[in-house]
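Per my numbering, residue 22 is the first one in the sequence shown, and the count goes up by one each step.
Glycine is no exception: its CB is placed at the ideal position from the N, C-alpha and C atoms.
Take a look at the structure set out below.
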Amino acid sequence: MDSKITYTNFASHPFDSLNIFDETKGAYQVLKWAYDTYGDEIVYACSFGAEGIVLIDLISQVKPDARIVFLDTGLHFEETYDLIERVKAKYPELNIELKKPDLTVDEQAEHYGDNLWRRDPNQCCYIRKVKPLEEVLTGQTAWVSGLRREQSPTRANTDFLNKDERFQSVKVCPLIHWTWDNVWDYIKSNDLPYNALHDQNYPSIGCAPCTSPVAAGGDSREGRWSNNMKTECGLHVGRKS
22 MDSKITYTNF ASHPFDSLNI FDETKGAYQV LKWAYDTYGD EIVYACSFGA EGIVLIDLIS
82 QVKPDARIVF LDTGLHFEET YDLIERVKAK YPELNIELKK PDLTVDEQAE HYGDNLWRRD
142 PNQCCYIRKV KPLEEVLTGQ TAWVSGLRRE QSPTRANTDF LNKDERFQSV KVCPLIHWTW
202 DNVWDYIKSN DLPYNALHDQ NYPSIGCAPC TSPVAAGGDS REGRWSNNMK TECGLHVGRK
262 S
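Here it is in structure tokens:
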């Protein structure tokens with residue numbers, strides 16, 4: 022695992038023999054390798070969900086000044102922005118950037134009409150999340166994501182390292198073997214800050230208009246775009262041919 026894996030030379034998964042039964046289920050080792058390998062050519066695109074808090078804590082241990090990018094759609098809950106400020110205070114060396122889309126919410130309404138997220142959530146996600154991340158990842162060899170296999174059927178085959186067709190980059194997913202209970206055990210045992218909405222039955226937290234609480238025992242992704250068939254914002258699916 023000494024040579025640098027890129028989108029263009031991506032051939033195989035380098036962590037087949039990794040010990041996934043350690044304290045972090047391989048996550049720390051994957052992150053250590055990723056930041057040692059890519060240095061400033063890797064960025065963590067963080068949503069500041071529960072998985073994000075775990076990754077921020079682990080990343081701070083291997084690269085205290087790592088670049089963390091939050092896609093600031095302008096439509097997030099106040100609780101999310103409050104959490105970001107608490108994380109900044111806890112990890113002052115981290116380079117946390119709030120990346121905004123080209124259009125403000127009002128400008129988007131002028132161009133596409135009010136409440137685009139209701140009429141065409143895919144277009145709204147592209148404008149406010151996918152396109153900004155494309156801009157962030159331009160020139161970046163790799164990026165970190167908090168995907169877990171347990172989250173949904175569309176994420177069940179995620180590997181530690183993935184050839185990302187959407188952004189033509191290497192996507193590093195250290196938490197693929199973590200369960201929801203693992204995430205919360207880590208947060209609680211390390212006394213980490215987290216979004217207050219998690220205590221109000223919001224397991225997965227995105228933009229306020231498209232996120233709702235989930236009934237007890239419900240799937241962690243049920244509260245996202247609950248009124249239509251949409252299940253992903255588009256960051257984790259390939260480009261359409």
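(Q) Per DSSP, what are the beta-bridge partners of Y65 in this structure? (A) I89, V165
Q. Got a sec? Which residues, its chain only, sit under 7 Å from Y207 by beta carbon, not counting five neighbours each side?
A. V75
Q: Please state if the CB of C228 and the CB of T58 are separated by a distance shorter than 8 Å.
A: no
Q. Does the beta-carbon distance from E118 to I89 come in below 8 Å?
A. yes
Q. Does the distance from the C-beta atom of Q144 to that of L137 stay below 8 Å?
A. yes
**Q.** Alpha carbon of S38 to alpha carbon of F181, nearest angstrom
**A.** 12 Å
Q) If we ignore side chains and look at the alpha-carbon of each, how far apart do Q129 and R139 end up? A) 13 Å
Q. Going by C-alpha distance, which of Y215, V235, S233, Q221 is nearest D103?
A. Y215
Q | Among Y112, K84, H97, nearest to A55 - alpha-carbon criterion | A | K84
Q: Under the assumption that N222 contacts V235 (Cβ atoms under 8 Å), give the Cβ distance between them as a whole number of angstroms.
A: 6 Å
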